[in-house]
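Engineer:
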Amino acid sequence: MDSQVTIVGGGPAGLHLSRKLKEKGIDSTVYESSPDLGRPVQCSGVFSNNFAELLEMPKKVILNQVKGAKLYSPSKKIVEISKREKQADIVDRGEYDRHLAKGLDVREGEHVNSLDFDSEYIVGADGAHSTVARLAGFSPLEKHVVGVQVEIDNDSYDKDFVELHLGQKVAPGFFAWIIPTDKNLRVGLGTTENPKEYLDRFIEERFGKVEQRECLAGFIPVRVRKPMWKGNIALVGDAAGQVKATTGGGIYMGMKSSEILADAIEEKDLNIYEKRFTTEIYPDLKKAVAINKVLSSMTDEEMDKFWDTLGKESMVKLMQEYGDMDKPTLLLKGFLKNPGLITQVPFIRGLLK
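In our numbering, each residue carries its 1-based index in the sequence shown increased by 506.
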């Protein structure tokens, strides 16, 4: 007989689910198609301070720590959001995944081509192109962008900050990023078309002619797949579209969702999973979609004007106090506590509904 729970996909969501099930005395097996857990890495590796809620971050996986972000408009106006203390870890995702897998039953190099398991539950934690979702007949993901990332040498870049670049000419529909690790820079972007072409142009404009290494690409789902379960099968993480449309980050949301799913499996009621997800996690994902829609619809001229507002001292203070890369609803609550600022950002009123 197979384990009580079969988990397809050995990324953070699937591994964290297996850990939580083990804590509850429920045995599970994780099937990972890659023969080298955590590789290839399709991730920027930015882990906010919120991850402390989930699992203590082992020092060996941390490559760098950043204090904030520099936000660039299309015409290179800069708004800096930072604090004195560390705001995020830049991690080695491969090492992080292997840390999560310790003590678990993980079958590496195992490709799952059918759902013929003798398990009480089957979970698809196998990414945006989920085999489980396809075999079980789940609805397709509604929307995605394509992300591409490379590494380049870091000769003089400020290691305390990540950079985010927005604009229709930079990365239509999303943004470009620069993330300092210990010795290198992870440079990437997401867009709906020709991402490598946009990335090559961005790198040349920002850094000139430089050597690019470790080019990685992948789908970034920016809408939740619903329903997320049927019968004894559930989806979690990128497979369920549990990704923030504002940042493209899905690890925190996927791991939080896996904790809810573990509770639902313990109670033998997957409906609990979707109900709690809808009330506890979905509000942030829904607001992230709304924010992404507004920013994506702006012309470069409109975005530059918006940056003039964003750079005002009162706005910067608001973002420093309430901004959270994983929880956009906190920033909106900050506006409710400072109603005088709502009139400065016309689209905020619509997001507060």
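Idealized CB from N, CA, C, for every residue including glycine.
What you are looking at is a predicted structure, and each value in this text was computed from that prediction instead of being measured.
1) Could you give the residue range of the beta strand (DSSP E) that holds Ile771?
2) Alpha carbons only, please: which of Gly673, Ala519 and Pro678 is nearest the one belonging to Arg604?
3) Just to confirm, are Arg829 and Leu837 a CB contact at a threshold of 7 Å?
4) With distance defined between alpha-carbon atoms, name the residue in His522, Lys530 and Arg545 nearest to Leu722.
5) Tell me the DSSP bridge mates of Arg692?
6) What are the start and end residues of each continuous alpha helix (DSSP H) run of 4 or more residues lying completely inside the segment 563-619, in chain order?
7) Specify, as a first and last residue, the run of the alpha helix (DSSP H) that Ser820 falls within.
8) DSSP on Lys833, reduced to helix/strand/coil?
9) Under 7 Å between the Cβ atoms of Thr698 and Val728?
10) Look up Leu543 in the DSSP assignment and say whether it is helix, strand or coil.
11) Pick helix, strand or coil for Gly856, following the three-state DSSP scheme.
12) Please report the residue range of the alpha helix (DSSP H) in which Phe812 lies.
13) How big is the Cα-Cα spacing for Met759 and Asp598?
14) Grouping DSSP H, G and I as helix and E and B as strand, with all else coil, what is His635?
15) Which value, in whole angstroms, describes the spacing of the CA atoms of Tyr637 and Val742?
16) Below 8 Å, can you find three or more Cβ-Cβ pairs linking the segment 681-690 to the segment 654-665?
17) If distances are taken between C-alpha atoms only, which option among Gly694, Tyr602, Ile584 and Lys530 comes closest to Phe553?
18) Buried or exposed for Ala558, going by 16 or more other Cβ atoms inside 10 Å?
19) Taking Cβ to Cβ, would you say Ser764 is nearer than 7 Å to Leu527?
20) Note the first and the last residue of the continuous beta strand (DSSP E) segment covering Val536.
21) Going by C-alpha distance, which of Val567, Ser588 and Ser803 is nearest Phe455?
22) Ordered along the chain, which non-local residues of its own chain (more than five positions away) have a Cβ less than 6 Å from that of Val795?
23) Are three or more beta carbon pairs between the segment 707-717 and the segment 725-740 nearer than 8 Å?
24) Starting from Ala794, trace the alpha helix (DSSP H) in both directions and tell me its first and last residue.
25) Under three-state DSSP, which class holds Tyr663?
26) Report the CB separation of Pro845 from Lys793 in whole angstroms; it is logged as a contact under 8 Å.
27) By the DSSP assignment, the beta strand (DSSP E) with Phe553 in it spans what residues?
28) Pick helix, strand or coil for Lys736, following the three-state DSSP scheme.
Structural biologist: This is what the structure gives:
1) For this step, residue 771 is matched to residue 265 along the sequence shown. It is not in any beta strand (DSSP E) - Ile771 instead sits in the alpha helix (DSSP H) that spans Ile757 to Glu772.
2) For this step, residue 604 is matched to residue 98 along the sequence shown. Closest option to Arg604, Cα to Cα, is Ala519.
3) Here residue 829 corresponds to residue number 323 of the sequence shown, with the count starting at 1. Here residue 837 corresponds to residue number 331 of the sequence shown, with the count starting at 1. Just to set this straight, residue 829 is Gly in the shown sequence, not Arg. In this structure, Leu837 lies closer than 7 Å to Gly829 by Cβ.
4) On the sequence shown, residue 722 is found 216 positions in, with the first residue counted as 1. Selected option, being the one with the closest Cα: Arg545.
5) To locate residue 692, count along the sequence shown from 1; it is residue 186. Answer is Glu657 and Ile685, bridged to Arg692.
6) 599-607
7) The residue given as residue 820 occupies position 314 in the sequence shown. Residues Glu819 to Tyr828.
8) Within the sequence shown, numbered from 1, the residue matching residue 833 stands at position 327. If DSSP states are grouped into helix, strand and coil, Lys833 belongs with coil.
9) Mapped onto the sequence shown, residue 698 falls at position 192. Mapped onto the sequence shown, residue 728 falls at position 222. Result no, Cβ atoms of Thr698 and Val728 do not sit closer than 7 Å.
10) Here residue 543 is taken as the residue at index 37 of the sequence shown, counted from 1. Correct three-state label for Leu543: coil.
11) Locating residue 856 in the sequence shown gives position 350, where the first residue counts as 1. Three-state DSSP puts Gly856 in a helix.
12) Here residue 812 corresponds to residue number 306 of the sequence shown, with the count starting at 1. Where Phe812 is concerned, the enclosing alpha helix (DSSP H) stretches over Asp806 to Leu816.
13) Here residue 759 refers to the residue found at position 253 of the sequence shown. Here residue 598 refers to the residue found at position 92 of the sequence shown. Computed Cα separation, rounded: 19 Å.
14) What you label residue 635 is simply residue 129 of the sequence shown in a count that begins at 1. Of the three classes helix, strand and coil, the one that applies to His635 here is coil, per DSSP.
15) By 1-based counting over the sequence shown, the position of residue 637 is 131. By 1-based counting over the sequence shown, the position of residue 742 is 236. In the sequence on display, residue 637 carries Thr and not Tyr. For Thr637 and Val742, the distance between alpha carbons rounds to 13 Å.
16) yes
17) For the purposes of this step, residue 553 is taken as the residue at position 47 of the sequence shown. Residue Tyr602 is the option with its Cα nearest to Phe553.
18) On the sequence shown, residue 558 is found 52 positions in, with the first residue counted as 1. Classification of Ala558: exposed, given that the 10 Å Cβ count is below 16.
19) Start at 1 with the first residue of the sequence shown, and residue 764 comes out as number 258. Start at 1 with the first residue of the sequence shown, and residue 527 comes out as number 21. Not in contact: Ser764 and Leu527 (Cβ atoms no closer than 7 Å).
20) Residue mapping note: residue 536 aligns to position 30 of the sequence shown, counting from 1. That run of the beta strand (DSSP E) goes Ser534 to Glu538.
21) No information on residue 455 is available, as it lies outside the stretch 507 to 859 that the chain covers here.
22) Locating residue 795 in the sequence shown gives position 289, where the first residue counts as 1. Answer for Val795: Ala751, listed in chain order.
23) No: the two stretches stay apart, fewer than three of their Cβ pairs being nearer than 8 Å.
24) Here the question's residue 794 lines up with position 288 in the sequence shown. Looking at the DSSP string, the run of the alpha helix (DSSP H) that includes Ala794 is Tyr788 to Ser803.
25) Taking the first residue of the sequence shown as 1, we reach residue 663 at position 157. Coil.
26) Here the question's residue 845 lines up with position 339 in the sequence shown. Here the question's residue 793 lines up with position 287 in the sequence shown. Actually they do not touch by this definition, with Cβ atoms about 18 Å apart.
27) For the purposes of this step, residue 553 is taken as the residue at position 47 of the sequence shown. Residues Val552 to Ser554.
28) For the purposes of this step, residue 736 is taken as residue 230 along the sequence shown, with counting starting at 1. Reduced to three states, the DSSP call for Lys736 is strand.
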